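Colleague: Let me begin by handing over the structure; questions about it come next.
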Amino acid sequence: MSLVELMSAYMRMMSSDSIPERQRRSIPWILWAIWKNRNLILYADTQESLIFHIQQAIEEARLWNEVNLRQEPVDNLGLNGEKKRWEAPLFGVVKCNLHSNWRNDKLHCSVGYIIRDHQGNILHHARDAITSSPNRLTSELRCLIWTLRSMKDLGYTEIMIGSDFKDVGEAVKPPNDWPLFRIFSLRDTRVMLDVSISGF
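Per UniProt numbering, numbering through the sequence shown is continuous, rising by one, with the last residue being 200.
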């Protein structure tokens, strides 16, 4: 089969009900992962694990679909476990929801954020991986710092941060009560002064 025929076959697979939806949605990202791996072999004389590329492609596809196919903000659990909807920020303020996917102290963590305006329109979103953290709170604080640096680079000045992990807000608002994590908050104190921590 030619390259065009192969691509056409993969595009047809994306609409085939015989393939689980999660796998169908991942096809473009898997193809992109194969292309990137090919370039690493040709131009950098190196090769990363194909399993790693596939897992990363599936996760990127999941995040993209979660962000782009969501028609309206959905119900979610707030900081105290109550069910609540995404709350819009005031006019002129952006809201940034962030999350770190911490599993244990040996694995890398994936981090991500999504920025919306007061009408719920998506302005920016990003994801990345960070090295392992000893616990979820450390991972979430590192995610917060990465997010704040990104928002500063993007030029945002009026920010509301939303997190699904209550201790993040507690560690940022009264840092003296969390001495073990002071090194994280002091590094970005000037930025954090303009940030209010909330739930979804």
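Every residue, glycine too, gets a C-beta built ideally from N, C-alpha and C.
Fair warning: this is a prediction, and the values are worked out from it, not measured in the lab.
Does the structure place the segment 97-105 close enough to the segment 136-144 that three or more beta carbon pairs sit under 8 Å?
Modeller: Touching, per the Cβ criterion.
Colleague: Answer with buried or exposed for Gly112, where buried requires no fewer than 16 other C-beta atoms within 10 angstroms of its C-beta.
Modeller: For the purposes of this step, residue 112 is taken as the residue at position 112 of the sequence shown. Result: buried.
Colleague: Quick one: what does DSSP say Asn121 is sitting in, helix, strand or coil?
Modeller: By one-based count along the sequence shown, residue 121 stands at place 121. Looking at Asn121 - three-state DSSP - the assignment turns out to be coil, as it is neither helix nor strand.
Colleague: Please classify Thr147 as buried or exposed, where buried requires at least 16 neighbouring CB atoms within 10 angstroms.
Modeller: As a first step, residue 147 must be located in the sequence shown, where it is residue number 147. Thr147 comes out buried.
Colleague: Please name the residue in Glu59, Glu158 and Ser2 whose C-alpha comes closest to that of His118.
Modeller: The residue you call residue 118 lines up with position 118 of the sequence shown. When each option's Cα is compared against that of His118, the closest is Glu158.
Colleague: What do you get for Glu5, buried or exposed, if any count of 16 or more other CB atoms within 10 angstroms of its CB means buried?
Modeller: For the purposes of this step, residue 5 is taken as residue 5 along the sequence shown, with counting starting at 1. Under this definition Glu5 is an exposed residue.
Colleague: Report the residue from Ala57, Leu63 and Asp164 whose alpha carbon sits nearest the alpha carbon of Ala126.
Modeller: Residue 126 sits at position 126 when you count from the first residue of the sequence shown. Here the closest residue by C-alpha is Leu63.
Colleague: Short of 8 Å in beta carbon distance, which residues of its chain neighbour Trp32, apart from the five on each side in sequence? Order them along the chain.
Modeller: Counted from its first residue, the sequence shown places residue 32 at position 32. Hits under 8 Å: Ala57.
Colleague: Taking all protein chains shown into account, decide if Val168 is buried (16 or more other Cβ within 10 angstroms of its Cβ) or exposed.
Modeller: Working through the sequence shown from its first residue, we reach residue 168 at position 168. Val168 comes out buried.
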